[in-house]
Amino acid sequence: MHDDLTFVIEPYLYWTLSAVLVALLFTLVLHAVELDHPHALGTKARPDLSEPKDAIPLLGHTLLFLRNSHRLSEYGKAWSMWRKITSRAFTVNSYRNVVSVSIHHFTKLFIRILEAKATEGTASDLSPLLFALALDTFTSMSFSEDPASLPAAARGETNAFAQAFDDIPVLLARRISMPFFWLIERFDGTSRRIVDDMKIIHAYADQIIRQRAEKAQQLAEDGSLDMLGRYMAATKENGEPLTTAQLRDATINLLIAGRDTTAGTLAWTIFELCRNPVLVEGIRRDAAKLDDPTELPFDLLKEMNWTSGVFYEGARLYPTVPNNHWTARGEDQIPNGPSIEAGDLIVWSDWTIARDPAVWGPSAGAFDPTRWLNQDGTFRKDSRLHSFNGGFRRCLGKQLFLLPSSSPPFSAGAVERSPFCETLAHFEAVATLLALFSRFDVSYAPGYLESTPMVKTEWCEHESPRYRPALTLPMVRSIPYIA
Numbered sequence: 001m002h003d004d005l006t007f008v009i010e011p012y013l014y015w016t017l018s019a020v021l022v023a024l025l026f027t028l029v030l031h032a033v034e035l036d037h038p039h040a041l042g043t044k045a046r047p048d049l050s051e052p053k054d055a056i057p058l059l060g061h062t063l064l065f066l067r068n069s070h071r072l073s074e075y076g077k078a079w080s081m082w083r084k085i086t087s088r089a090f091t092v093n094s095y096r097n098v099v100s101v102s103i104h105h106f107t108k109l110f111i112r113i114l115e116a117k118a119t120e121g122t123a124s125d126l127s128p129l130l131f132a133l134a135l136d137t138f139t140s141m142s143f144s145e146d147p148a149s150l151p152a153a154a155r156g157e158t159n160a161f162a163q164a165f166d167d168i169p170v171l172l173a174r175r176i177s178m179p180f181f182w183l184i185e186r187f188d189g190t191s192r193r194i195v196d197d198m199k200i201i202h203a204y205a206d207q208i209i210r211q212r213a214e215k216a217q218q219l220a221e222d223g224s225l226d227m228l229g230r231y232m233a234a235t236k237e238n239g240e241p242l243t244t245a246q247l248r249d250a251t252i253n254l255l256i257a258g259r260d261t262t263a264g265t266l267a268w269t270i271f272e273l274c275r276n277p278v279l280v281e282g283i284r285r286d287a288a289k290l291d292d293p294t295e296l297p298f299d300l301l302k303e304m305n306w307t308s309g310v311f312y313e314g315a316r317l318y319p320t321v322p323n324n325h326w327t328a329r330g331e332d333q334i335p336n337g338p339s340i341e342a343g344d345l346i347v348w349s350d351w352t353i354a355r356d357p358a359v360w361g362p363s364a365g366a367f368d369p370t371r372w373l374n375q376d377g378t379f380r381k382d383s384r385l386h387s388f389n390g391g392f393r394r395c396l397g398k399q400l401f402l403l404p405s406s407s408p409p410f411s412a413g414a415v416e417r418s419p420f421c422e423t424l425a426h427f428e429a430v431a432t433l434l435a436l437f438s439r440f441d442v443s444y445a446p447g448y449l450e451s452t453p454m455v456k457t458e459w460c461e462h463e464s465p466r467y468r469p470a471l472t473l474p475m476v477r478s479i480p481y482i483a
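Residue numbers are given in UniProt numbering: position 57 of the sequence shown equals residue 57, and the series is strictly consecutive.
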């Protein structure tokens, strides 16, 4: 992953273009919107900004919305179709069998790689290994393929697909703050890089689809039907099968969900555990409950209370998608906030919300797994967290594992209403943390923390490492660890 993305055109040309384009955009914006709230753009009269307003419940001070932006209804039907298909594939039985087998296999491989590196006594960067672990695990369980990116990452080799997957979010995120990006990118070479990276990603997805089609008969005879197999067997409303382009889009979306959510949260969580090593003892107490800490049974996930709290605290402070947005389908009123009209684009920052005392209390910026535990030490959810989205667009599988310990392991109703992404990230992350910290003492390489750039928000005194502008949440500096 590149530490910095620099322009290759002459500086004076870039700044001249930027100044002209920013001035033009600013003029257009002034005619299009007026300030409605200290933290919102709208069409009402300007308020007196000298009088601060109270924080909005659950959103704190982060809300931004743009009037009459654009509608995404044309994508809604396709999204709903993918969701229904996905929910049928990730059931309790699939977690107990297919998902568990993949997670256990690649977790053991991950540990063997770390054991080999530990004998060398040198610092290793865990981030590439974590992303490779998530990619191999998810590709295996969903597409019946092993991309072997974990062994490649262990050898220090660059996987072209993984590199393109890392570059694209960073390149696209620049467009958020770059006026007339489509023009500037033609001069600085970014447009060419995006095209090349997308060719790599599409070729990889097409290869998965092609290989899966070749195995279709064999897998059907075995009674196996992985995620891609379900997509290939699905039909559109008119009864026609999905096109190759639609299958490719579905494959890429699944890879993003299955790779970045788990690996990104794990990387940030391990950073915080190294900064607060006393928290590792709770993970080791959970690991002691298992016969083999590298093989967490899915039915015992609900008993890993402390480790679950550690994962969710990492997901709270370091959401995989730091900024998010919805388009309003109808009129609404945000409590203590602005009114919403159909077509408004609502934008908020989960990263900032996590550090807002108005939402999470005075210790909002602290990494504290106990905020996810009841007084008796059992794990609990908190409705203030929406790192995995919420409502109709909530991340697939949000509540699958959240059943009382006294209940039967899982009910049919829970399966029907709870498909996949959050549960998968939770299961895989907890399994990885148990395996890692039951075997190793992990610490930063000497001098790393002191030289890491930190940031803090207006309302929070706790510092966090700076992250690079991207659609996801990559670290500015990869973290070298000693295990």
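Heads up, the beta-carbon is just placed ideally off N, CA and C, and yes, glycines get one too.
Inspect the CB distances between the segment 131 to 148 and the segment 175 to 185 and report whether three or more fall short of 8 Å.
In short, these stretches do not touch, since the Cβ pair count stays below three.
Would a C-beta distance cut-off of 7 Å place F138 and R230 closer than the cut-off?
Taking the sequence shown and counting its residues from 1, one reaches residue 138 at position 138. Taking the sequence shown and counting its residues from 1, one reaches residue 230 at position 230. Contact: no.
From the DSSP output, in three-state form, read off residue 508 for me.
One cannot answer for residue 508 here, as it falls past the ends of the chain, which runs 1 to 483.
With a threshold of 16 other CB atoms inside 10 Å of the CB of N159, please say whether the residue is buried or exposed.
In the sequence shown, the residue the question calls residue 159 occupies position 159. Buried.
Just list the alpha helix (DSSP H) runs in the segment 320 to 364, keeping only unbroken ones of 4 residues or longer that don't cross its boundaries, in chain order.
List check, alpha helix (DSSP H) in window: 350 to 353 and 357 to 360.
Determine the closest residue to G447 out of W459, I479 and Y467, with distance taken between C-alpha atoms.
As a working mapping, residue 447 is identified with position 447 in the sequence shown. Per the Cα distances, I479.
Quick test of the definition: if touching needs 3 or more C-beta pairs under 8 Å, does the segment 95 to 104 touch the segment 281 to 300?
With the cut-off at 8 Å, the segment 95 to 104 and the segment 281 to 300 touch.
Could you tell me the alpha carbon to alpha carbon distance between P338 and G330, rounded to whole angstroms?
Against the sequence shown, residue 338 aligns to sequence position 338. Against the sequence shown, residue 330 aligns to sequence position 330. If I take the Cα positions, the gap works out to 14 Å.
Taking Cβ positions, are F271 and V430 nearer each other than 7 Å?
In the sequence shown, counting from the first residue as 1, residue 271 sits at position 271. In the sequence shown, counting from the first residue as 1, residue 430 sits at position 430. Cβ atoms of F271 and V430: not closer than 7 Å.
For a quick check, are the C-beta atoms of D136 and S149 less than 7 Å apart?
On the sequence shown, position 136 is the one that residue 136 refers to. On the sequence shown, position 149 is the one that residue 149 refers to. For D136 and S149, yes; Cβs fall inside 7 Å.
Suppose the cutoff is 7 Å on Cβ atoms and the five residues either side in sequence are ignored; what does the same chain contact list for L247 look like?
Here the question's residue 247 lines up with position 247 in the sequence shown. I209, Y231 and M232.
Would you mind stating whether V359 and H325 have Cβ atoms separated by less than 7 Å?
Numbered from its first residue, the sequence shown carries residue 359 at position 359. Numbered from its first residue, the sequence shown carries residue 325 at position 325. Cβ atoms of V359 and H325: not closer than 7 Å.
Locate the beta strand (DSSP E) running through I256, then write down its first and last residues.
Here the question's residue 256 lines up with position 256 in the sequence shown. Element bounds for I256: not the beta strand (DSSP E) but the alpha helix (DSSP H), T244 to R275.
How many Å lie between P465 and N305 at the Cα?
Within the sequence shown, numbered from 1, the residue matching residue 465 stands at position 465. Within the sequence shown, numbered from 1, the residue matching residue 305 stands at position 305. Each residue's alpha carbon lies about 27 Å from the other.
What three-state label does DSSP hand I482 in the structure shown?
Locating residue 482 in the sequence shown gives position 482, counting from the first residue. In the structure shown, I482 sits in a strand (DSSP, three-state: E or B).
Starting from Y95, follow the alpha helix (DSSP H) in both directions and report where the run begins and ends.
Here residue 95 corresponds to residue number 95 of the sequence shown, with the count starting at 1. Neither: Y95 is in no alpha helix (DSSP H) and is coded neither H nor E.
Under three-state DSSP, which class holds R466?
As a first step, residue 466 must be located in the sequence shown, where it is residue number 466. Looking at R466 - three-state DSSP - the assignment turns out to be coil, as it is neither helix nor strand.
Considering only the alpha carbon of each residue, which of F110, F180 and H462 lies closest to A154?
On the sequence shown, residue 154 is found 154 positions in, with the first residue counted as 1. Cα-wise, what sits closest to A154 is F110.
Tell me whether M232 sits in a helix, a strand or coil according to DSSP, three-state version.
Taking the sequence shown and counting its residues from 1, the one referred to as residue 232 is at position 232. Three-state result, M232: helix.
Short check: CB of A263 to CB of A134, under 7 Å?
As a first step, residue 263 must be located in the sequence shown, where it is residue number 263. As a first step, residue 134 must be located in the sequence shown, where it is residue number 134. Their beta carbons are under 7 Å apart, which means A263 touches A134 by this criterion.
Which residues in the same chain have their Cβ closer than 6 Å to the Cβ of H462, if we skip the five residues on either side of it in sequence?
One-based indexing of the sequence shown puts residue 462 at position 462. Closer than 6 Å at the Cβ level, and outside the excluded window around H462, lie G365 and A366.
For the segment 285 to 294 and the segment 99 to 119, state whether three or more C-beta atom pairs, one from each stretch, are separated by less than 8 Å.
The segment 285 to 294, when compared against the segment 99 to 119, does touch it at the 8 Å Cβ threshold.
Just to confirm before moving on: does the CB-CB distance between A313 and P369 stay below 7 Å?
The residue given as residue 313 occupies position 313 in the sequence shown. The residue given as residue 369 occupies position 369 in the sequence shown. Going by the sequence as given, residue 313 is Glu instead of Ala. Cβ distance < 7 Å, so E313 and P369 count as in contact.
Please work out which residues of its chain come closer than 8 Å, Cβ to Cβ, to P474, disregarding the five sequence neighbours upstream and downstream, and give them in chain order.
Position 474 of the sequence shown, counted from the start, is the residue given in the question as residue 474. Closer than 8 Å at Cβ, skipping near neighbours: M1, D166, P169, V170, G264, Y467 and R468.
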